[in-house]
Amino acid sequence: MEKLLGDHWDICVPPAGVTQSPLGHIGPTSLSQKRFDKYITPIPLTPKIKFRILEYRERRTMSDTAKVTYSHLMQVPLKYLKIVGVLNNVPQKSEFRRVLAQMNFIFVHVVCWVSSVNHFMATVTRSVRYMPEFFQRLLEDLTINLFLGTSLICCYHNKHVQFIIKFMENYFSVADEQVIKACNRSTKILLIVFTTFGTVVFTLPVFETFLPISEQEKDLIACIYKRSHPERRFAVNLWVPFIDDSESWYYECIFMFEIYQIYLLLMVAVPATTIIPMFITYTEGQYVILSDFVEKIGQTHTDKIGRRIFYTSLRKGEWVYVSSLVSKRNEKQQLKRLLESYEKEYCRQVIKFHHMLLKFQYELHILYTRFMSGAHTLNNLMLAICMYQLLANPQSLSVTRLVKFILDIAAVLTEFYYLCYCSERLDECNARLRRAVVNCDWHRCSNDTRLALCMFLRKVQEKNHLHFFHGLVFFGNELFLKVIKISYSFVNFMRLNSS
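The sequence shown maps to residues -16 to 482 in my numbering.
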């Protein structure tokens, strides 16, 4: 019996250099910790309890193997980084291929950093001669730093990323196959949409160079960049001193390098914008599974055809069939004690499930706080620049520049709003658990189980948003509106100064 009902939800030990979660027991310390400890540690069952097992059958929703692994698509965005060489953790068969992969890794990282610095030098030394051009190139600088910084931080902390993914594979519940399929479907759609949208945004500057321009635009380019052939435009401006980059051979070589740079930026932009939302999508799926188990507290657990079952593992979705038929009076008392023990064991598994999710979110918090403050600042600056160009004096912009700024502000708003939307979904998970506690048959449970539910309810009443600066800033709809208001205030301030 102890073997059937003893499911230990141990948390794996992180690798060297990764911070272990300090989360301890769940619930406020003002309540009795000793009574609550019973729901964290396995409950010893009376060895003399006897009941009639009709059949012992383990059910696994995903696999019939001894070890059930959670299926996910988190390795897909990391493959984007591996393809271009930004991430180099693929074992090679030969020493020669390993050396080539290492050289490509160093080359790509040098190109990333040099391109970022070079583009900024071109902005502050050349584009500053014309304000619309300066703001356009400054926006490109912020975009490059946002995507490159986020992706490179994930690469430099790849061990922590792999630890979080391994945590998902080993400890996420596979009890509901439909929820897991829905999460995989949502993440696949997310990857397709962001890849398509990113491809359109990053390839438009290349096609723009082949479009005809007016004589006024040619004069502006010749004045800003000191080019003898202003009709030869670049997708991304680079700072190349002491030469005229519009001359032949210089122009062709720089243009081909810029195409590679745009391709590299696209491949790092998709992981930078999808890794955190994908993690949140899978976490939300686990909360859906947990809320279903919480609603079953106090109820008689049955399968689809009404036979009584005992859950032996909420993570694997395993149960055993038991008989409710008794023939003697002492067997009724034994069955009653058995049901009380099972109720405590089931509640313990539910709390361990939630405890596991809290540990996972803590490790995820350590990962995204490394770059979230910088990303938030860059998003604010990008939105302010776009709104200033579109609202301050749109008549001074050419049609091409106006379309580019509209696409830029659409991309910035989409990326930032979706991150805030994912944070709101994560907070909604706690609301789902609160509704599950209200809807369960808690009035039929024992006093110990009710106490555990009270502490569980106390825990899920806290905020569950993405946050940084020790909870000072919470991502959500409120922050999104504040950022828009601040950007509009910046536009009004610049208008007053210009007038």
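Glycine is no exception: its CB is placed at the ideal position from the N, C-alpha and C atoms. Here the structure is a predicted model, which is why all the values come from computation and not from measurement.
Cβ-Cβ distance between residue i and residue j below 9 angstroms
i: Cys423; j: Glu278; result: yes
i: Phe463; j: Cys403; result: yes
i: Leu340; j: Leu273; result: yes
i: Cys352; j: Phe457; result: In the sequence under discussion, the amino acid at residue 352 is Thr, which differs from the Cys named in the question. Result no, Cβ atoms of Thr352 and Phe457 do not sit closer than 9 angstroms.
i: Leu221; j: Met355; result: no
i: Lys201; j: Arg109; result: no
i: Arg417; j: Val443; result: yes
i: Val67; j: Val100; result: no
i: Thr52; j: Cys166; result: no
i: Tyr329; j: Ile292; result: no
Beta-carbon contacts of residue i that lie in its chain and below 7 angstroms, excluding the five residues immediately before and after
i: Arg478; result: Ala375
i: Leu347; result: Ile147, Phe262
i: Phe476; result: none
i: Glu411; result: none
i: Leu385; result: Pro377
i: Arg42; result: Confidence at Arg42 is low in this model, with a pLDDT of 40, below 50, so the placement of that residue is unreliable and no value is reported for it.
Cβ neighbour criterion (16 or more within 10 Å) applied to residue i
i: Tyr139; result: exposed
i: Lys164; result: exposed
i: Gly300; result: buried
i: Leu455; result: exposed
i: Cys369; result: buried
i: Leu350; result: buried
i: Val305; result: buried
i: Tyr154; result: buried
i: Leu194; result: exposed
i: Ser406; result: buried
i: Ala393; result: exposed
i: Gln119; result: buried
i: His426; result: exposed
i: Phe225; result: exposed
i: Asp227; result: exposed
i: Arg331; result: buried
Own chain, CB closer than 6 angstroms to residue i, minus 5 neighbours either side, in chain order
i: Glu78; result: none
i: Ala255; result: Phe130, Thr133, Ser134
i: Leu361; result: Leu125, Leu129
For residue j and residue i, believed in contact at Cβ under 8 angstroms, the rounded distance
i: Met365; j: Leu122; result: 6 angstroms
i: Thr266; j: Phe336; result: About 12 angstroms; that fails the 8 angstroms criterion.
i: Ile237; j: Val189; result: No, Ile237 and Val189 are not in contact; Cβ-Cβ is about 13 angstroms, not under 8 angstroms.
i: Phe177; j: Val253; result: 6 angstroms
i: Leu297; j: Ser429; result: Contact flag wrong, Cβ pair sits at about 19 angstroms.
i: Thr192; j: Phe217; result: 7 angstroms
i: Val421; j: Val271; result: That belief does not hold up - the Cβ atoms of Val421 and Val271 are roughly 17 angstroms apart, past 8 angstroms.
i: Pro260; j: Leu396; result: That pair is no contact at about 15 angstroms.
i: Val184; j: Leu390; result: 6 angstroms
Close-in-space but distant-in-sequence residues of the same chain around residue i (CB under 8 angstroms, 5 per side omitted)
i: Cys206; result: Arg112, Tyr113
i: Thr214; result: The amino acid at residue 214 is misidentified as Thr; the sequence shows Glu. The residues are Ile196, Lys201.
i: Ile469; result: Asn363, Ala367
i: His102; result: Arg120, Glu123, Asp124, Ile127, Val219, Asn220, Leu221, Trp222
Any non-hydrogen atom of the ligand ATP within 8 angstroms of residue i CB
i: Asp286; result: Of the ligands one can find in the structure shown there are none, so the ligand ATP has no counterpart to examine.
Say whether the segment 123 to 132 touches the segment 234 to 254, bearing in mind that this needs 3 or more beta-carbon pairs closer than 8 angstroms, one atom from each stretch. yes
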